[in-house]
Amino acid sequence: MASHSSRGAKRGRRGEAPHGAGFRCSLQELRLLMEHRGPEAVTKIQELYGDVNGLCARLRTSPVDGLKGSAEDINRRKQEFGQNLIPPKKPKTFLQLVWEALQDVTLIILVLAAIVSLGLSFYSPPDGNRQNCGSAAGGVHEEGEAEAGWIEGAAILLSVVCVVLVTAFNDWSKERQFRGLQSRIEKEQKFTVVRGGKVIQLNVAEIVVGDIAHVKYGDLLPADGVLIQGNDLKIDESSLTGESDHVKKTLDKDPMLLSGTHVMEGSGKMLVTAVGVNSQTGIIFMLLGAGEEGDGEMKDNNKRKDTDGAPVETQPLEEDAEMGRVEKEQKAPPKKEKSVLQGKLNKLTVQIGKAGLCMSSLTVLILIARFAIDTFWIQGVPWSKACVPIYVQFLVKFFIIGVTVLVVAVPEGLPLAVTISLAYSVKKMMQDNNLVRHLDACETMGNATAICSDKTGTLTMNRMTVVQAYMAECFCKRVPEPDRIPAKILDLLVQGIGVNCAYTTKIMPPEKRGGLPRQIGNKTECALLGLTLDLHRDYQTVRDEIPEEKLFKVYTFNSERKSMSTVLKNSDGSYRMYSKGASEILLRKCCKILEESGDDKPFKHQHREELVKKVIEPMASDGLRTICLAYRDFPASEGEPDWSDEANILTGLTCIAVVGIEDPVRPEVPEAIRKCQQAGITVRMVTGDNIITARAIAVKCGILRPGDDFLCMEGKEFNQRIRNPMGEIEQERIDRIWPKLRVLARSSPTDKYTLVKGIIDSTALEQRQVVAVTGDGTNDGPALKKADVGFAMGIAGTDVAKEASDIILTDDNFTSIVKAVMWGRNVYDSISKFLQFQLTVNVVAVIVAFTGACITQDSPLKAVQMLWVNLIMDTFASLALATEPPTEALLLRNPYGRKKPLISFTMMKNIFGHAIYQLTVIFTLLFVGEKLLHIDSGRNAPLHAPPSEHYTIIFNTFVLMQIFNEFNARKIHDERNVFRGVFNNPIFCSIILGTLVVQVIIVQFGGKPFSCVSLNAMQWLWCVVLGLGSLLWGQLVSSIPTSWLKSLKTAVVRRTQRPDSPEDEPQEMRDPDEVDDAEMRKSHVLWCRGLNRIQTQIHVMNSFRDGLSHEGLQTHRVVHKSMGHPKVPIPEGTPM
80 MASHSSRGAK
90 RGRRGEAPHG
100 AGFRCSLQEL
110 RLLMEHRGPE
120 AVTKIQELYG
130 DVNGLCARLR
140 TSPVDGLKGS
150 AEDINRRKQE
160 FGQNLIPPKK
170 PKTFLQLVWE
180 ALQDVTLIIL
190 VLAAIVSLGL
200 SFYSPPDGNR
210 QNCGSAAGGV
220 HEEGEAEAGW
230 IEGAAILLSV
240 VCVVLVTAFN
250 DWSKERQFRG
260 LQSRIEKEQK
270 FTVVRGGKVI
280 QLNVAEIVVG
290 DIAHVKYGDL
300 LPADGVLIQG
310 NDLKIDESSL
320 TGESDHVKKT
330 LDKDPMLLSG
340 THVMEGSGKM
350 LVTAVGVNSQ
360 TGIIFMLLGA
370 GEEGDGEMKD
380 NNKRKDTDGA
390 PVETQPLEED
400 AEMGRVEKEQ
410 KAPPKKEKSV
420 LQGKLNKLTV
430 QIGKAGLCMS
440 SLTVLILIAR
450 FAIDTFWIQG
460 VPWSKACVPI
470 YVQFLVKFFI
480 IGVTVLVVAV
490 PEGLPLAVTI
500 SLAYSVKKMM
510 QDNNLVRHLD
520 ACETMGNATA
530 ICSDKTGTLT
540 MNRMTVVQAY
550 MAECFCKRVP
560 EPDRIPAKIL
570 DLLVQGIGVN
580 CAYTTKIMPP
590 EKRGGLPRQI
600 GNKTECALLG
610 LTLDLHRDYQ
620 TVRDEIPEEK
630 LFKVYTFNSE
640 RKSMSTVLKN
650 SDGSYRMYSK
660 GASEILLRKC
670 CKILEESGDD
680 KPFKHQHREE
690 LVKKVIEPMA
700 SDGLRTICLA
710 YRDFPASEGE
720 PDWSDEANIL
730 TGLTCIAVVG
740 IEDPVRPEVP
750 EAIRKCQQAG
760 ITVRMVTGDN
770 IITARAIAVK
780 CGILRPGDDF
790 LCMEGKEFNQ
800 RIRNPMGEIE
810 QERIDRIWPK
820 LRVLARSSPT
830 DKYTLVKGII
840 DSTALEQRQV
850 VAVTGDGTND
860 GPALKKADVG
870 FAMGIAGTDV
880 AKEASDIILT
890 DDNFTSIVKA
900 VMWGRNVYDS
910 ISKFLQFQLT
920 VNVVAVIVAF
930 TGACITQDSP
940 LKAVQMLWVN
950 LIMDTFASLA
960 LATEPPTEAL
970 LLRNPYGRKK
980 PLISFTMMKN
990 IFGHAIYQLT
1000 VIFTLLFVGE
1010 KLLHIDSGRN
1020 APLHAPPSEH
1030 YTIIFNTFVL
1040 MQIFNEFNAR
1050 KIHDERNVFR
1060 GVFNNPIFCS
1070 IILGTLVVQV
1080 IIVQFGGKPF
1090 SCVSLNAMQW
1100 LWCVVLGLGS
1110 LLWGQLVSSI
1120 PTSWLKSLKT
1130 AVVRRTQRPD
1140 SPEDEPQEMR
1150 DPDEVDDAEM
1160 RKSHVLWCRG
1170 LNRIQTQIHV
1180 MNSFRDGLSH
1190 EGLQTHRVVH
1200 KSMGHPKVPI
1210 PEGTPM
């Protein structure tokens, strides 16, 4: 095998033509080649090229050194075979976005009404007839004013144009932000190729046909290719074929590797034969029209990426065999349901929309009825055809008022506020090393109640070094000097480490003088390579003598093996296998150990127990990861072993050494975990290390503290305790464990998935859990997908893990997760701030319009004025309040959780409190304002009456109260100082200032279009004073205890005898008045438990009476895999 590879390599180099020569392979030929599979593909390659090396020669590349890498050659290959890009979806033009914004039903109705109003305003009946149509139709003092009736219709149309343009611009900027985010994600994806004999990392878009690419466990293949050399390579092709079984790839059976598939096991090298639209995934995308119609926004829960050369995963990640058994039901559906905030917002929007529709309809009906009664009954005006246009004008006016009430009532600014807040947060989170792939994950993280974190690299520095070793029967607390180690052991150690670590893993010189050497690749392997350097030996010399092509067989590391083994074939026909892996697992497979002389001696069970007690446990207690290094010889006389029989191959090993690898805890992690605990978030460590090491690290991090009554257990024990005698996972068994579980050691990805699913599905606690999970391995994919928020490691994470995640930690640091929590809570609070502001405006504007219509037959706030108010509270307020930066204070309260209402008691108090003040001011000005301010009344004005000072003051005061109330809306937890941090948000300050300036211009120069007249200084002073009153009133509202509202609710609930379920109780900032509610919940739980017992007793009696067998008496169990829940959750430990 080795000679075959090297012979091919030489042939490839000889076959290279001069640089300017053409390729002896066409694009169409390569496309047809990649359509073959399995033995058929092997036959086709042999027929056309002889073997893979012949294909390399045709493509002018070397299977060992790769392409030369000259710019001219790369460009020629791009022109000949295409770029590794799938054409992105064309962005929508601004006109298309304008057209989409115009599809809003309320705006369409408003436009039609304005057009009708505009048309009718040009009709003027004879003067005598106008007087005969009722007092409302006449009474115009200036003839020119009646002729200016068109201005209102035109102003409404102009306002609609402004709203549409603003909406379209927001959509355009949002799409641009999405594309920028997607471009950032694409730039993060790199792949390992060989060029000019050097292994380099390339952006996937730069890969060309003829490149020699290294593939390894966890990679998402960016192009089609043919296998040159493989080590136990298994591929998940489900994204293309739909088959969940992993496909083994070998040179003699199936060498074809396809873009968009995942490397689930092993490693190897491939020759790239098709890229971009010519790859198999690219062809499918073009057939589906992805090039023109693909989704440019990353909102698909299947994590599609359609603008990168890296092909797209078209189906959810398939699990391994065991995971497939557990999650079979969940292959087809998308990853998650709506996020917590999305669900609450949708529900609230529908409720407000219905209320607004009812109010607007009622407003129109009352206006029509009042007009008809006043004109035809009270005034006794007879019906006249000549007056019909006048009456129609009134109907249109009433209709416009009703539609305007609807426009103001419907919170169409809510989606905009969410989008702006999320987009702003995502942009800022990039600076905090959080690359958000799905926007909803940002706000979901704010509700997180539990974090299941990996240890290595997340809680620790992921810079590993060997600090202790046991070899030659000597336990060294520091790395021994090489002259103290027998030559035979030293040679075996160095050669074993050199060949049995991935050849892409290496130690590089420091970037700066005096710095630490750079560790490239797997950090555990880097620690072992560093050990050889500490022993004054060079692992690269070993690799030069035994290049990767000469490795006979490689059993790559995976979560089942917990070890890696490499087989070398010797010149005499014998074989030697080097192994490394978890010490307690590999030591069980050792039957010999090297002694002080360098010779081997028997290694029996009692020796193993002694080694564990005296060496491994002390290392683990120091927080060290213990790795066993071993080897095995296969004599030529016994013939070639059956390499597929791993159970017999990986046994009978000889232990060379056991090393302790230190991975220090990141210095900032203990403080970050303390903040999480203070914020009501439980941090759990889920690791593959042994339980002693895991516990030691957990204590250092602060996850465990002395005296805590928490659980630490291994994956094996965890599995035993959560399964019934039939081997099925039961939710109620998980519920007994997870609330106290803090460390899960020696866990597999399946264990992690089971734990995450169990916590999410649990109803054992009052508050449903929102779970965040970190993962880096391929098999972490299912757990990352199941979690409410999945964090993938940007440095150590595999492509598969990144594809399954919602957020990528670009620095692999737990502290970045805490920052994500802050940003998530900030998003939630930003939306709440906007809601508090908008609902106050909604309540006031709708009541003013409705009451004014009922009493004065007209709305004090005109249609154009309400559209301006709508613009303030929708677009500008959402931008101002949704861009507040987060503060540490966000971590001083518990998470909101899944069930907390979006509008808390405190917000409700603020909304109604400020609405009372504003309504009092508006109605005072409306009904007695002309007397207080000594101006003419604007009530009961005729159809085309000129604007009045009276109604202008009402409009101006109303807007100023909203502007100053924006300061109150910045605080939603009864904080006194509403100005704190205001200058940290320049966007807020700019919008407040800009709105004030525009309001002055509208009032002073708006004239007829805005139904305004200019005000004098005294009138402005009154308006400003009344507006500033909102700030003073806010202090009074904050003084009212929120508990009064809770008491009021409790009294109402008791009176109506409809007790709320515990989940409906909002959780404020740890108020002491929660005790009464807890007592109510406790009695509710006890009542349910008593009911359950009575039902069980009745069931037993009936069964006994019917003579059923004992089996019929078994209580129904809720099996975890059926995703069921107990109807009445009874927490463990509730006293009877």
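Take the sequence shown: its position 756, counting from 1, is numbered 835 in this note's numbering, and each next residue is one higher.
Beta carbons: idealized from backbone N, C-alpha and C, even for Gly.
Because the structure is a prediction, the values reported are computed rather than measured.
With contact defined as three or more Cβ pairs closer than 8 Å, the region 167-178 and the region 307-316 are not in contact.
Straight-line measurement puts the Cα of Arg977 at about 41 Å from the Cα of Val1103.
Under the three-state reduction of DSSP, Val460 is assigned to coil, being neither helix nor strand. Excluding its 5 nearest sequence neighbours in each direction, Ile990 has C-beta neighbours in its own chain below 8 Å: Gln915, Leu918, Thr919, Val922, Ile982, listed in chain order.
If the five residues before and after Pro714 are omitted, its C-beta is found closer than 8 Å to the C-beta atoms of Ser653, all from its own chain and listed in chain order.
The secondary-structure analysis by DSSP pairs Val273 across a beta bridge with Val278, Ile291.
Val558 places its beta carbon 8 Å or farther from that of Glu741. At a Cβ-Cβ threshold of 8 Å, Val765 and Gln756 do not count as neighbours. Leu844 and Leu174 have their C-alpha atoms roughly 52 Å apart. Counting only the Cα atoms, Thr772 lies some 25 Å from Phe682.
Going by C-alpha positions, Leu474 is about 7 Å away from Ile447. C-alpha of Arg815 to C-alpha of Ile838: approximately 11 Å in a straight line. Shown here, Glu1054 sits in coil according to DSSP, grouped into three states, outside any helix or strand.
Trp456 counts as exposed, since fewer than 16 other beta carbons sit within 10 angstroms of its beta carbon. Residue pairing of Ile499 in beta bridges, as defined by DSSP: absent, with no partner found. Selection Phe631, Lys668, Ile664 evaluated against Ser650 yields Phe631 as nearest (Cα-Cα).
Nearest C-alpha to Val121 among Phe554, Arg139, Phe160, Leu336: Leu336. Residues Pro828, Lys831, Tyr832, Val835, Val852, Gly854 of the same chain have their beta carbon placed closer than 7 Å to that of Ala862, with the five preceding and five following residues left out of the count. Straight through space, the alpha carbons of Leu607 and Ala961 are spaced by roughly 50 Å. Apart from sequence neighbours up to five positions away, the residues of its chain that approach Asn541 with a beta-carbon distance below 8 Å are Thr535, Lys602, Asp742, Ile874, Ala875, Asp891, ordered along the chain. Contact between the region 553-571 and the region 785-795 is not established, with fewer than three Cβ pairs separated by less than 8 Å.
Val1076 places its beta carbon 8 Å or farther from that of His341. About 7 Å separates the Cβ atoms of Val948 and Gln1041, confirming a contact at the 8 Å cut-off.
Runs of the alpha helix (DSSP H) lying entirely within the region 99-149, each at least 4 residues long, are 106-112, 117-128, 131-137 in chain order. As DSSP reads the structure, Ile740 sits in a beta bridge with Val545, Arg704. Judged by beta-carbon spacing, Gln359 lies within the 8 Å limit of Asp303, meaning their Cβ atoms are closer than that value. Per DSSP, reduced to three states, the secondary structure at Arg784 is coil, with no helix or strand assignment. Just so you know, the alpha carbons of Gln268 and Ser638 end up roughly 24 Å apart. Annotation: Asp511 is outside any alpha helix (DSSP H) and is labelled neither H nor E by DSSP.
DSSP links Val852 through a beta bridge to Cys531, Gly869. In the structure shown, Gly309 adopts extended strand secondary structure according to DSSP, grouped into three states. DSSP places Gly609 within a helical segment (H, G or I) once states are collapsed to three.
Looking at the backbone, the Cα of Pro980 and that of Tyr907 are separated by about 12 Å.
By the neighbour-count criterion, in which a residue is buried when 16 or more other Cβ atoms sit within 10 angstroms of its Cβ, Ser716 is exposed. Distance between Ile187 and Ala284, taken at the CA atoms: about 45 Å.
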